[in-house]
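>
There are 2 protein chains.
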Amino acid sequence: MTDEIKVFQDKLTERLLELDLEKEPKELYQPIHYTLSLGGKRMRPILAIMAYQCCAKDWEKIIEPALAIELFHNFTLIHDDIMDEAPLRRGQPTVYKKWNKDIAILSGDVLMVMAYDLLMKAEYDDFKYLLRLFNRCAIEVCEGQQLDMNFEEKYSVSEGDYLEMIRLKTAVLLGFSLELGGLLGGMSKEEAAHVRDFGVNIGIGFQLKDDLLDVYGDAQKFGKQVGGDIIANKKTLLLIKAIELAEGKQKLDLHNLMADKAIDPDVKVRKMKEIYKDLNIETIAEKAMNDHFEKGFEQLKALEEGSYNLKPLKQFTEALIARDH
Amino acid sequence: MTDEIKVFQDKLTERLLELDLEKEPKELYQPIHYTLSLGGKRMRPILAIMAYQCCAKDWEKIIEPALAIELFHNFTLIHDDIMDEAPLRRGQPTVYKKWNKDIAILSGDVLMVMAYDLLMKAEYDDFKYLLRLFNRCAIEVCEGQQLDMNFEEKYSVSEGDYLEMIRLKTAVLLGFSLELGGLLGGMSKEEAAHVRDFGVNIGIGFQLKDDLLDVYGDAQKFGKQVGGDIIANKKTLLLIKAIELAEGKQKLDLHNLMADKAIDPDVKVRKMKEIYKDLNIETIAEKAMNDHFEKGFEQLKALEEGSYNLKPLKQFTEALIARDH
Numbered sequence: 227m228t229d230e231i232k233v234f235q236d237k238l239t240e241r242l243l244e245l246d247l248e249k250e251p252k253e254l255y256q257p258i259h260y261t262l263s264l265g266g267k268r269m270r271p272i273l274a275i276m277a278y279q280c281c282a283k284d285w286e287k288i289i290e291p292a293l294a295i296e297l298f299h300n301f302t303l304i305h306d307d308i309m310d311e312a313p314l315r316r317g318q319p320t321v322y323k324k325w326n327k328d329i330a331i332l333s334g335d336v337l338m339v340m341a342y343d344l345l346m347k348a349e350y351d352d353f354k355y356l357l358r359l360f361n362r363c364a365i366e367v368c369e370g371q372q373l374d375m376n377f378e379e380k381y382s383v384s385e386g387d388y389l390e391m392i393r394l395k396t397a398v399l400l401g402f403s404l405e406l407g408g409l410l411g412g413m414s415k416e417e418a419a420h421v422r423d424f425g426v427n428i429g430i431g432f433q434l435k436d437d438l439l440d441v442y443g444d445a446q447k448f449g450k451q452v453g454g455d456i457i458a459n460k461k462t463l464l465l466i467k468a469i470e471l472a473e474g475k476q477k478l479d480l481h482n483l484m485a486d487k488a489i490d491p492d493v494k495v496r497k498m499k500e501i502y503k504d505l506n507i508e509t510i511a512e513k514a515m516n517d518h519f520e521k522g523f524e525q526l527k528a529l530e531e532g533s534y535n536l537k538p539l540k541q542f543t544e545a546l547i548a549r550d551h
Numbered sequence: 227m228t229d230e231i232k233v234f235q236d237k238l239t240e241r242l243l244e245l246d247l248e249k250e251p252k253e254l255y256q257p258i259h260y261t262l263s264l265g266g267k268r269m270r271p272i273l274a275i276m277a278y279q280c281c282a283k284d285w286e287k288i289i290e291p292a293l294a295i296e297l298f299h300n301f302t303l304i305h306d307d308i309m310d311e312a313p314l315r316r317g318q319p320t321v322y323k324k325w326n327k328d329i330a331i332l333s334g335d336v337l338m339v340m341a342y343d344l345l346m347k348a349e350y351d352d353f354k355y356l357l358r359l360f361n362r363c364a365i366e367v368c369e370g371q372q373l374d375m376n377f378e379e380k381y382s383v384s385e386g387d388y389l390e391m392i393r394l395k396t397a398v399l400l401g402f403s404l405e406l407g408g409l410l411g412g413m414s415k416e417e418a419a420h421v422r423d424f425g426v427n428i429g430i431g432f433q434l435k436d437d438l439l440d441v442y443g444d445a446q447k448f449g450k451q452v453g454g455d456i457i458a459n460k461k462t463l464l465l466i467k468a469i470e471l472a473e474g475k476q477k478l479d480l481h482n483l484m485a486d487k488a489i490d491p492d493v494k495v496r497k498m499k500e501i502y503k504d505l506n507i508e509t510i511a512e513k514a515m516n517d518h519f520e521k522g523f524e525q526l527k528a529l530e531e532g533s534y535n536l537k538p539l540k541q542f543t544e545a546l547i548a549r550d551h
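Respectively, the protein sequence lines represent chains A and B. All letters in the first sequence, in the order written, are residues 227 to 551 by the working numbering. All letters in the second sequence, in the order written, are residues 227 to 551 by the working numbering.
1. I want to verify the contact list: residues of chain A whose CB lies under 7 angstroms from the CB of A364(B), in sequence order.
2. Compare the Cα-Cα distances from K380(A) to each of I466(A), K347(A) and G454(A) and report the closest residue.
3. What are the residues in the region 316–331 of chain A lying within 7 angstroms of chain B by C-beta distance?
4. Within the present structure, is the beta-carbon of M269(A) separated from the nearest heavy atom of the ligand COA by less than 7 angstroms?
5. Is the region 394–409 of chain A touching the region 423–438 of chain A in the sense that three or more CB pairs, one from each, lie closer than 8 angstroms?
6. Run down chain B in chain order and give the residues with a C-beta less than 9 angstroms from the C-beta of N361(A).
7. Of all the options K460(B), L539(B) and R316(B), which has the alpha carbon lying nearest to the alpha carbon of L422(B)?
8. What's the C-alpha gap between Y278(B) and E240(B)?
9. How about D307(A) and R315(A): do their beta carbons lie closer than 8 angstroms?
10. Going straight from the alpha carbon of E378(B) to that of R549(A), what length do you get?
11. With burial defined as no fewer than 16 other Cβ atoms inside 10 Å of the residue's Cβ, what is the status of E366(A): buried or exposed?
12. Helix, strand or coil for R270(B), going by three-state DSSP, please let me know.
13. Any beta carbon of chain A sitting closer than 8 angstroms to that of L373(B)?
14. Is there a Cβ of chain C sitting closer than 8 angstroms to that of F353(A), yes or no?
15. Taking C-beta to C-beta, are M484(B) and N459(B) nearer than 8 angstroms?
16. Could you say which of L254(B), M413(B) and Y322(B) lies nearest to V336(B) if we only look at CA atoms?
17. Please list, in chain order, all residues of the same chain as K267(A) whose beta carbon is under 8 angstroms from its beta carbon, the five residues on each side excluded.
18. Is S382(A) closer than 8 angstroms to P257(A) when the C-beta atoms are compared?
19. Is the Cβ of L254(B) closer than 8 angstroms to any Cβ of chain A?
20. For W325(A), which of E416(A), A341(A), T261(A) and H299(A) has the nearest alpha-carbon?
21. Can you name the residues that DSSP bridges to Q318(B)?
22. Would you decide whether K487(A) is buried or exposed? Buried here means 16 or more other CB atoms lie within 10 Å of its CB.
23. Is there a Cβ of chain A sitting closer than 8 angstroms to that of N300(B), yes or no?
24. Can you name the start and end residues of the alpha helix (DSSP H) that I489(A) belongs to?
25. With Y381(A) as the anchor, note down where its alpha helix (DSSP H) starts and where it stops.
26. Given a cut-off of 8 angstroms on the beta-carbon distance, is the pair S403(A) and A282(A) in contact?
27. So H259(B) contacts chain A; which residues on that side make the cut at Cβ distance below 7 angstroms?
28. Among the candidates Q371(B), E473(B), K232(B) and K249(B), whose CA atom is the shortest distance from the CA of P271(B)?
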C-alpha cells in the first residue's frame with residue numbers, strides 16, 4: 227500500500243468515527259460503531275477518491291459521499307452475516323452473534339438510512355441522478371445476495387448465471403464507487419459511466435481472483451483455510467466449470483466428492499484439485515479473470531483522449547490485481 | 227369512509243400494483259408484491275393527499291411520493307414482524323412465516339430502496355430538504371422499534387418514555403406524511419412543519435386510543451381479542467399508570483397478576499380491569515389522548531389565517547378519532 231492510500235484510509239476511518247453514534251437507544255448505535263471500528267481496507271471509498279482525483283485535486287471534498295458507500299457496504303455485511311450465519315467478520319464476532327438477530331436487522335436498517343444521509347453531502351448539480359444510480363446499485367446488491375443464496379440450493383449453475391450473480395453482489399458497488407468519484411470530480415455522465423464499467427469488470431475479476439486464491443493461494447498469506455470453497459461445495463467458477471466439463475467416471479467422482487459428507491476435508495480438497503488439474507480448471511478460470519481485467523481497462527480508453535490523470539487509478543488497480551492474498 | 231377517501235385508496239392500490247414486481251429473483255419480488263397486495267387502509271399516503279389538498283387540487287401529482295411512505299411503512303412491517311415473531315398481518319401469514327427470515331430481511335431492504343426511488347418523483351425545488359426529513363423520520367421509526375423492544379424487558383417504564391416511544395415508532399411517520407403533502411402542495415416549510423406537528427400529536431393520540439380500545443373496545447367491532455395487551459403485560463399507558471399509581475395491597479395484586487403465567491387469561495383481564503377501575507385509569511388515559519388531539523388541532527391554527535382549505539383534513543381526522551374499532 228502506498229503512503230497516499232494510507233492517508234486516504236486513515237482520513238476515512240477518522241471521519242467514520244466522528245459520526246455521532248453516542249446516541250440512544252444504544253442497542254441501535256453501539257453495533258454500528260462496532261462495525262465501523264472493525265477496520266477493513268475501505269476499498270470502495272478509496273476507489274471513489276481515486277476516480278475523483280482523475281480530474282480534481284481537493285479530494286477531502288468527497289470524503290463524506292464516499293463514506294456513504296462504506297456505510298452502505300457495512301449495512302449489507304451486517305444483514306448478509308445473519309443470512310449466511312457467519313460467526314466472524316474481520317476476526318471479530320458478527321453483530322448478530324455479539325448482540326442478536328433483531329438488533330442486527332434494525333441497526334443495519336439505520337446504517338442504510340445513514341448512508342443516504344451522507345450521500346446528500348455530495349456537491350453535484352443533478353443530485354437526483356446520483357441518487358438514481360445509488361438506488362439501482364443498492365437494489366442490484368440485494369438481488370445478488372438473493373441469487374447467491376439461491377445457488378446454494380442448486381446442484382448446477384451456469385457460468386453466465388454465476389458471473390451475473392457476482393456482478394450484482396460485489397462488482398456493481400465498486401462500479402458505483404468509481405462513477406460517483408468521477409461525476410463529483412467533473413467527468414461527464416458518459417465518461418463516468420465508462421469508469422463505472424471499468425470498475426464492474428475489474429470487480430468481477432477480483433471475485434474470480436478470490437475464487438482462485440481460495441484453491442491455489444498460499445495458506446499463510448491468505449489468512450484463511452485454503453480449499454474452504456471446495457469443502458463447502460461453493461459454486462465458484464472453478465466448480466461450475468468442473469461440473470460442466472467432467473465426463474464419465476470423472477463426473478461420477480466429482481458428484482460423489484460433493485455428496486460425501488463424511489469425507490476428510492483435506493482428502494476432499496486434494497481429490498478435487500486433481501479433478502481440476504485434469505480439466506485444466508485453473509487456466510480456464512485465470513483466462514476468465516484476465517478477460518474481465520482486460521475488458522475493464524479497455525473502458526478507460528474512452529477517457530484517455532481527455533485531460534484526465536488516469537495513472538494513479540490504473541496503478542492502484544494493478545496493485546490490487548497483483549495481490550496474492 | 228367517504229367516497230373521496232375510497233377514490234384515493236383505490237388509486238393508491240392500483241398504482242402500487244402497477245409497480246414492476248414481475249422481476250427476478252422472484253424470491254425477492256414476490257414477497258413485496260404479496261405484502262403490497264394485503265391491503266390496509268393506506269392511511270399514510272391518504273394523509274399526504276389530504277395535506278396536499280389543503281392548497282392544491284391536482285392530487286394525482288403526489289400519488290408516487292405519497293406511495294414512497296406506504297412502501298417505507300411496509301418495509302418496517304416486514305422487518306418488525308420478524309422481530310416481534312408475528313405470525314399474521316392483516317389476517318395473512320407474515321413474510322418471514324410464509325417464506326423465511328432471510329427473504330424477509332432482504333425483500334424488506336429492497337422495499338426500502340424502492341421507497342427512496344418513489345420519493346424521487348416528488349416535484350419540489352429543494353429535494354434534499356424532503357430527503358433530509360424522510361431520513362430523519364426513517365431513523366426515528368427504527369429508534370422507536372428498538373425502544374419498544376427494550377420496554378418488553380423492563381418491569382416499569384415512565385409515562386414520558388412511553389409517549390416518546392410511540393411518538394418515534396408510529397407518530398412521526400404520520401407527521402412526515404402530512405408534511406410531505408403540505409410541502410408539495412405549496413405550503414412554506416414553516417407551515418408544513420405545523421401540519422407535521424399536528425400529525426405527530428394526532429398520531430400519539432391514535433396510539434393511546436388503540437391502547438384504550440384494546441381494553442374497553444367492543445370485541446366484535448375491534449376484530450381482535452379484547453384485553454390482548456393485558457394478557458401480554460404490554461406496557462401501554464394504561465399499565466404504566468396503574469403500576470405508577472397502585473399502592474399497598476393493590477400494588478402487590480398487580481405485580482402478582484403480571485407475574486402469574488398460569489392464570490386464566492379471562493380472569494387476568496377481569497382482575498386487571500378492576501384495578502384499572504379503582505385507579506381511574508380509563509379516565510386518565512382518555513385525558514392524555516384528548517390532550518394530544520387538542521394539541522394537534524392547535525397546530526393548525528397557524529395555518530388558518532392563510533388561504534388553506536383545512537376542512538377536509540380536519541373532518542378526516544375527526545372521523546379517525548371517532549372510530550370505535
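Even glycine gets a Cβ: it sits at the ideal position worked out from N, Cα and C. None of these values were measured; they are calculated from a predicted model.
Judging by the given coordinates:
1. V339
2. I466(A)
3. D328 and I331
4. Ligands are entirely absent from the displayed structure, and the ligand COA is therefore not among its contents.
5. yes
6. V339, M340, Y342, D343 and M346
7. It should be pointed out that residue 422(B) corresponds to Arg in this sequence rather than to Leu. Per the Cα distances, L539(B).
8. 20 angstroms
9. yes
10. 50 angstroms
11. buried
12. helix
13. yes
14. Although the question refers to chain C, the structure presented lacks it and instead comprises the protein chains A and B.
15. yes
16. L254(B)
17. Q235
18. no
19. yes
20. T261(A)
21. R315(B)
22. exposed
23. no
24. Note, I489(A): premise wrong, no alpha helix (DSSP H); not H, not E.
25. First-last for Y381(A): undefined, no H or E at that position.
26. no
27. In chain order: nothing, as chain A lies at least about 15 angstroms away.
28. K232(B)
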